[in-house]
Structure formats: C-alpha cells, structure tokens
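Residue numbers (the working numbering), protein chains in the order written: chain A, 360 to 622; chain X, 24 to 267; chain F, 145 to 507. Don't be surprised by glycine CBs; every beta carbon is placed ideally from N, CA and C.
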Amino acid sequence: MVEPLLRVSDVSKSYDELQVLKDVSFDLLERDVKVIFGPSGSGKSTLLRCINMLNPPDKGKIFLRGNNITAPKVDLNTIRTRIGMVFQHFNLFAHLKAIDNVSIGLRRVKGLKKQEAYEKAFKALDRVKLTEWADHYPAQLSGGQQQRVGIARALAMEPDLILFDEPTSALDPELIGEVLQVMLDLAKAGTTMLVVTHEMGFARAVASELLFIDKGIIIERGTPEHFSVSPTSDRVKQFLQQLDVLYGSHEKLLDILDEEEKI
Amino acid sequence: MIFQANPFEQLLAVLAYWDRFLTGFLLTMWMYVWALFLGFLLGLLLALSRQYGHFFIQKIAIIYIEIIRGTPLIAQLFFISFLPNALNFSIDIMIIETNLFNRSFRLLDYPIFVGILTLILNSGAYQAEYLRGSFVSVGTGQLEAARAIGMSRFSSIRHIVLPQALRRVIPSWSNEAAYLPKYTVLVYFIGGVEELFSQADYIQHRTSFPFATYIIVAILFLITITLISKLLDTIHKRTSIPGL
Amino acid sequence: MLFQTDLRYIGMGTINSFLIFLFGIYIIKWFLKKKNTANTKVWDISFNKNIRLSLIWLIFNLLISVSFSFFINNVIVYLLTQLCVSIVSDIFIGAIIVQKLFSKHLVESFKFVFSIQLILFGISIILGFLLIITFGYIFPEISDVLLFIIEFGLLSTIFITALSLIMGIVLGLTLAIMRLYAGKELYWLASGYEKLFRGIPLLVLIFIFSAGLPGIFWYLEPLDRLLASVILALGIRSGAYQSQIFRGAILSVNRGQLEAAQSIGMNKMQSFRYIVLPQAFRIAMPGWSNEYAVVIKDSSFAGAIGTFEMTLVATIWGYRSVELFTLSMGVVAIVYFLFTFPVTQLFGQQQVKKLKKLGMGGG
Ligand SMILES: Nc1ncnc2c1ncn2[C@@H]1O[C@H](COP(=O)(O)OP(=O)(O)OP(=O)(O)O)[C@@H](O)[C@H]1O
Ligand SMILES: [Mg+2]
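Written as structure tokens, this is what we have:
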C-alpha cells in the first residue's frame, strides 16, 4: 500500500462546550483531490484549520507523509510551509502588491534573495494568469483576481498539498469561473488538493472522493458518481437538492468549460 | 536629593493649605463645566454648519476649526486677553463673589471671563470635529430616507440624524471631556485667576515643597478625570441602542 | 558683502521654492488627471512617483535659494537671480520627471516643462513682489516678529517636539506590545501607566519634573535641566497616548492577515514584523499626526518654566511693546498653524482616503 500524503485520524475539536468535529478520519494520496461539503456551521473550516494547525485539534492525530504533525514538539512553521491554504475571504496582505504578496513568504520564510523570489513569484502568478496585475495592490483587484493571487501565494511556497476553504463562496457569480478554471488546471497538473466547496461541477470534474460533513461527522463518502446517482442518507439527498436549486447554473457553466477544454 | 523633611511631613505641611486646594479645584471645575457645555453648543453649531451648511458657512466653519485646532491654547489665551488692549477698548465684566472658608471666592471677573471664553472657543472647535465624525458615521442614507418620507431638511437633521449622532458621539466626545480639565490649568498664565494651579504655585512657594504640592494636584486631576470617564461610560451604556 | 546674509532673503527664497513646488505638483497632477481619467490605477502610481521626484526638486531649489542669499544683499536682485537659477534647474529636473513618468522623448518633455515653468515664473515673480511689499513696507512689524520668532524660538520648539515624539514612539510601541502580547502583570503595568499619565495635566508633570524633582537631571546645566524635564514630561505623556494609537492600529489589522501569514509558514515574530506592523503603522498615521500636532502645540508649555521656545520668544517680543502683544501672539499662532495643519492634512485626511483605497483598517 502507498503511504498517504495526509492522514487524518480520529480528529476531534470543541470550542468550549460546542463539539465541532467528532472523530473525523480520512486519507489523502499524492496527486489526489478530495472535496468536502456540507451545511453551514458543520465544521468544514474547522477541519481545514486543524490540518493546518491554525487551531490544533483536541484529540486525534494528523500525519503528513507519515510524520505526526500534532505531536508536541513539531515546528509548526515548517509544517505550514508544506501545507498551503487558500482562504474564503482571500486574506491578501493589504499593504503589499500582488507580486510581494506572493514573494514575501519565499523571502522571509524560505530566505530567498529578492530577485530569485520574484522570479518564482512571477512563475506562480503566471500559473494563475495574473502576470500583468503583479504591480497592483489587493484593493485594486477584483475578487476573482484577489483569490487567484491567494492561490498563487500558496503555490509559490511549493507545498505538498493545498487546502481550499470555500475559495469561491465570497465571489460574484461571474468571477467564480476564473477561479475554478485555475483550480481545475492545478488539479490536472497533479497538485494535491483538499477543497471545501459546494461547486459540484468542479467536484465531479476532478475529485476522487467527496466527503459529506454534518455536525462534525463524516456522514457519507464516495465518488462523485455515487453522490449524483445514489446517495444513501436522507440528509445528503436533501442537501444536494438545495444545492441544485442554488448552484445548478454553475454546473452547466462548468460543463461548458469542460467541453471547451476537450475541443 | 536632599529633603528638609520626610515625604510624609511634607505632605502634611502642604495639606495644611487644604482650603486653597479646595477653592482652586472648585474654580477649575467651574470653568471646566462652562467651557464644556457652552463649547458643546458652539461645537454643535460648527459641526452642523460644516456638514450641512451652505458653501460659505461651510468654509467659515472649516477655517475656524482648523485655525483653532492648529494653534496652541496658550497663544489663544494671550491673544484674547490682550485683544481689548490692542484694539483700545475695555470690557466691564460683572464680578460675582462669594465667601468660602473665610476667604473671598471669585466666580466671575475679567480674567476668569477671558479664561472661560477662550476655553469655550477652543473646546468648541475640537468638539465640532468629534460631532462631525459622528454625523459622517450616521451616513447620508439616513438623511435621504428621511427626506424621502417628506421631512424637511431641517427636521430630518433634527429628528433623524441628530439623535443618532449624539448617541454615537459619546465615546469620542468623552475624550474631549477628559482632555479639557487638563487644559484648564493654562488659565494660570492669564494671571489673577485663583484656580488650582495658581493656588498650587502659591502653596509651593509658601511651603517650598513643590513635589508634594504638585503630586497632590496630579492626584486631584487623576481622580476627577477617572470619575468623568466612568460617568460618561455609564451614560454611553445606558443610552446605546442595540445594533448601533 | 560676501557671506553676509539676511534671514529675510532666505525666507523669501524658501517661500518661492515652496510656491514653485506646489504649483508644479498641482499642474502635473492636473495634467495626469487629464491624461489618465480612464485608468485611475496607473495615475495613482505615477502620482506617487511624481511627488517623490518633486520633493527632490524642492530640496534642490531650497539649496539654491539659501546659497544665493549669501552672495547678494539686494532683495530685488536676489529674488530675480534666485528665480532665474531655480527655474533653469527646475526645467531640467522637471523634464527628467516627465520623461520618466511617460517615457516620452526628452525634447518633448523639455518643452512641456518649459512652458509650465514660464507660467510659474510670472506668477511667482508677482507673488514675490507682493510678499516683499506687504511684509517689507505695509506690515514691517509682522515680518520683524516672524523673523524674531523663527530665529530664536523655532529651532528649540522643533528640537523639543522631535525628541519628545521619539521618546513617545519608543514608549508607546513598547506599551502597546506589552498590553497586547505580554503577560498579565505587564498588561496591568502598561494600562496603569496609560491611565496615570493621561490623567495628569502636562503642566503639572512639567512642574513635578522641574521644580518637584530638581535632582533628576543633576548632570546637566541648569537651563538644560529645564529643557530636559520638559522633554521628559512631553515624552512620557505622549507615550501614554501613542500607546493607545498603536494598540488600536495593531488591533484593527484584520485577524485574517495573521492567519494568512502563518499559513505560509511565518512564525509569530515574522508575521508581526512583516505583516502586522507595516499595516499598523499605516493605520496609525492619522492618529499619530494628530499626536504630533498635540505635542508641538503643547511644547509651548515649556515657556512656562523659562525654556526658550516660540511662544516664550513671542511673549518677550510682546513685552517690548505691549500694544504689539496680541499681534505677536497672532504671528506665533500662524507659525504653529503652518507646522500642524499641513501635516495633519497630509497624514490625516489624505492617509485616511489612501487607507480606504487599500481596504485597510477595520473591515
Ligand atoms: N473561534 C471559534 N470559537 C467558537 N466557536 C467557533 C469558532 N470558530 C467556529 N466556531 C463554531 O464552530 C462551528 C463550525 O464552524 P466552521 O467555521 O468550521 O463551519 P463551516 O462548516 O466552515 O461553516 P460555513 O460553511 O458557514 O463556513 C460553528 O458552529 C461555529 O459557530
Ligand atoms: Mg467555513
């Protein structure tokens, strides 16, 4: 058996009395994409933040390439350079231009020279097709562009995997496409990704497995086909129906994108 | 450092003049209260004209506010107190006098008048800026909504904007309320006003214990300002509207 | 006579240079606006560059005007020479600026700047003569007081303000960090310090340090002791206020920024140093410029214990002839105004607008 890149085993987390995650376990292989979805407040963001150790879990272990990162004496900062994160609200550094946003980690954390860091950052910006916006401040960019800079910032650190926390849910509908397209490209290039999203079209296109979380528990898991054909629990069916009402149009949009690719 | 007496004895010697401290303190507070409230009215007037006035009124308000805020209070005090002298006319101010602790206690005479007037003119400009900030934070939407239901410009400002703005201004306004007592001491420079600082000056010359004297003045101010801030805090909590 | 100069010349030259600087900036600003209405972003960036280059322009001008004042002692000749020379230099520097900004041909930008400078030349000659006539002949007292204040008080005021502000920054930042990141004891210490020194009037502080504790600066000359106690009092109090300013600014940097910094592997120190602090400084700018205005205005208290600074100097002038007391107070007020208003405008109002554009500070 191949050793998984990321292994989450029995992770639990509570805020005061409220238990947000209950014994969540799953594996993520190299070059694999998994999608997590579920209703609001179900603990999806909390799960990602546990994996990134922004909020360390109360119980359970997380392994990155077999190393337990929840162990007490692990250097979290080096761990975090290996796990990229893309935030729902972008969280770009407001005082830095796009290129500096992407290169600051390289310079300050990895200790690269300015020139070298810029070259790498430029390559990362190229992958999200934003090279001509490199000299702009975040506030001068559209939401979609900001999120792409956020992705480039994570990419530039050359992490083992990237966590996406609802990367498109703060965006206007017409901007979602450009971000999803970038994510599709990444997935096809073999980036390991763990994505929280409700974009089922995206999930169907690239995800190997979908995890449905409700109230901190993985209720159901399976391939995209499994969820679109025969979800077992009622909760999932109901949720997917709601999603259909809300997101149906985007799926078609993604199908179109897909077809364009094929041609 | 050489002390003739130990700190405790010094304090006792200085505190023997408690009546002077007290009258001085009362006079300071008396000026402060006048300056704060009349300054508030002036500030409200200035803020309204700066925010909602016609072009020229707006410009006049801006110039006044910026000049006052840009120049030191001492210069303003001197400027105003010598103004009649420079323009060759004299002002007669009614003298109000009472007796306190067997000493005459003046509540109003020319120097006190100048002090209060300058403080009003000065504080008004600062308060105007705080008030304007809260007008801005109420936003134009409220005004437009009021106009949309047919209120006149005046009454929509009076009934919609002002009540919200006055509530919002309390936290920042309490800054000014806590600032002003500290600046009232400058009236000392006019001379002839027996407020706390001049009394302290007198006492330290009599006892030659300046440190103890000024420490007591400092403590008096500390207590006053803490009380004022606490008071305004409770007022703010009482009057706040949920969700604002 | 060689190497003998009149302060008035330097004053005139300075005023002229400022005028040229201001007109230059505004004309280029107007020009840029006309060119780039469609693309505001480009215009933003180029305007910043423009300001930076114009500052060089200004400094160059000042140097010229001051150096010329050493050789010529006729006001009108001086003014004309100074103008001519600075205009020639401005044309060159301006041409380089325009060339840099629009990557235009040098000759073309030269023509452009030349025509602007010709207009400026006319305006500033007229203004210069007006200034000479008003201050030299109509209100000679005003220029006398002004020069007296500038000569004997200005430096001291600036010195007091600068030192107190620096002390205030160091204290304020330390206190703010103590309140935000250190343990409980330090938190109480810092907030107690703030409460204490925000509650005591500055004048009382000054008297405590100068009269109450005459021993603290035993190693200095008696007059310097007064100065030192004023600076100490101003700095200590300013620290209490600046602590609040910095704390507020640090708190208003979005939480997400810190998380994003950690997510790319920065440690606490790094994310504070490279992400939070730079933003906090920008957010603190408006509040800090207000604090600067407060300190420079309150440095006038120093006169109360006999330290030489502008207000005391003006008072001395006033006592020379009591009828002129109000006038000298008015003049000193104007000088303070010139030192506070532009700063609070530039770093206050303008900075607030800029912050909004960058989407920083609350939200
Ligand atoms: N710092 C915190 N302190 C206390 N409770 C928290 C905190 N962060 C999250 N929670 C709670 O934990 C629960 C799960 O939050 P989480 O953000 O993980 O949900 P989510 O699935 O990402 O929801 P959404 O789809 O709205 O983003 C929520 O009920 C939330 O109120
Ligand atoms: Mg979430």
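Could you pull the start and end residues of the alpha helix (DSSP H) that residue i belongs to?
i	result
Val508 (chain A)	Gly502 to Ala515
Leu100 (chain X)	Leu96 to Leu110
Arg190 (chain X)	Leu185 to Thr207
Glu295 (chain F)	No alpha helix (DSSP H) holds Glu295 (chain F); DSSP gives it neither H nor E.
Thr470 (chain F)	Phe469 to Val487
Met444 (chain A)	Element bounds for Met444 (chain A): not the alpha helix (DSSP H) but the beta strand (DSSP E), Ile442 to Val445.
Met52 (chain X)	Trp41 to Tyr75
Val438 (chain F)	Leu421 to Asp442
Ser178 (chain X)	Arg176 to Ser179
Asp485 (chain A)	Lys473 to Arg486
Phe341 (chain F)	Lys328 to Gly343
Leu154 (chain X)	Tyr133 to Val161
Ser384 (chain A)	That residue, Ser384 (chain A), is in no alpha helix (DSSP H); its beta strand (DSSP E) goes Leu377 to Leu387.
Tell me the residue span of the beta strand (DSSP E) that contains residue i.
i	result
Val374 (chain A)	Looking at the sequence itself, residue 374 (chain A) is Tyr, so the reference to Val does not match. Leu365 to Tyr374 is the extent of the beta strand (DSSP E) around Tyr374 (chain A).
Ile375 (chain F)	Segment Pro366 to Ser396 is the alpha helix (DSSP H) holding Ile375 (chain F); no beta strand (DSSP E) there.
Phe422 (chain A)	Lys418 to Leu423
Asn29 (chain X)	Taken as a continuous stretch (DSSP letters only), Asn29 (chain X) belongs to no beta strand (DSSP E), as it is neither H nor E.
Leu123 (chain X)	Ile119 to Leu123
Glu579 (chain A)	Ile576 to Gly581
Asp524 (chain A)	Leu520 to Asp524
Met552 (chain A)	Thr551 to Val555
Under 6 Å Cβ to Cβ from residue i, same chain only, skipping five residues before and after it: list those, please.
i	result
Lys418 (chain A)	Ser371
Ile114 (chain X)	Pro107
Arg563 (chain A)	Pro583
Tyr385 (chain F)	Glu435
Ala424 (chain F)	Ala393, Ile394 and Val397
Met24 (chain X)	Any reading at Met24 (chain X) must be qualified, since the residue scores a pLDDT of 45, below 50, and its modelled position is unreliable; the value itself is stated next. Hits under 6 Å: none found.
Lys488 (chain A)	none
Using only the heavy atoms of ligand 2, determine whether one of them is closer than 7 Å to the beta carbon of residue i.
i	result
Ile447 (chain A)	The question names Ile, but residue 447 (chain A) is Gln in the sequence shown. Under cutoff, so the answer is yes.
Ser300 (chain F)	no
Asp382 (chain A)	no
Glu525 (chain A)	yes
Who are the near neighbours of residue i in its chain, counting only those whose CB is closer than 7 Å to its CB and skipping five residues on each side?
i	result
Arg155 (chain X)	Ala70, Arg73 and Gln74
Leu364 (chain F)	Ala372
Gln601 (chain A)	none
Arg466 (chain A)	Lys473 and Ala476
Gly503 (chain A)	Leu530, Leu534, Glu537 and Val538
Leu255 (chain X)	Ile193, Ser197 and Ala200
Among residues of its own chain, excluding the 5 on either side of residue i, which ones have a beta-carbon nearer than 8 Å to its beta-carbon?
i	result
Thr184 (chain F)	Low confidence applies here, because Thr184 (chain F) scores a pLDDT of 48, under 50, leaving its location unreliable and the question unanswered by this model.
Thr46 (chain X)	Leu123, Phe124, Arg126, Phe128, Glu217 and Gln222
Gly506 (chain F)	The predicted position of Gly506 (chain F) is uncertain, since its pLDDT is 46 and thus under 50; no value can be drawn from it.
Met174 (chain X)	His182 and Ile183
Val106 (chain F)	Coverage of chain F is limited to positions 145 through 507, which leaves residue 106 (chain F) absent and any answer about it impossible.
Arg191 (chain X)	Ser157, Ser160, Val161 and Leu267
Tell whether a beta-carbon distance below 8 Å holds between residue i and residue j.
i	j	result
Ile143 (chain X)	Leu61 (chain X)	yes
Val555 (chain A)	Leu407 (chain A)	yes
Ala393 (chain F)	Ile427 (chain F)	yes
Ala36 (chain X)	Thr207 (chain X)	no
Lys456 (chain A)	Ala493 (chain A)	yes
Leu349 (chain F)	Thr451 (chain F)	no
Ser443 (chain F)	Val487 (chain F)	no
Candidates the options: which alpha carbon is nearest residue i's?
i	options	result
Ala511 (chain A)	A:Met542, A:Cys409 and A:Lys432	A:Met542
Gln150 (chain X)	X:Met174, X:Gly162 and X:Arg92	X:Arg92
Leu346 (chain F)	F:Ser300, F:Phe296 and F:Ser308	F:Ser308
Ala513 (chain A)	A:Pro526, A:Gly502 and A:Ser501	A:Pro526
Pro366 (chain F)	F:Ser354, F:Ile375, F:Ala377 and F:Leu376	F:Ser354
Asp524 (chain A)	A:Ser404, A:Leu380 and A:His454	A:Ser404
Met552 (chain A)	A:Ile576, A:Ile410 and A:Ser528	A:Ile410
For residue i, verify whether its CB is less than 7 Å away from any heavy atom of ligand 1.
i	result
Lys253 (chain X)	no
Val379 (chain A)	yes
Glu403 (chain F)	no
Thr556 (chain A)	no
Thr405 (chain A)	yes
Tyr325 (chain F)	no
Gly400 (chain F)	no
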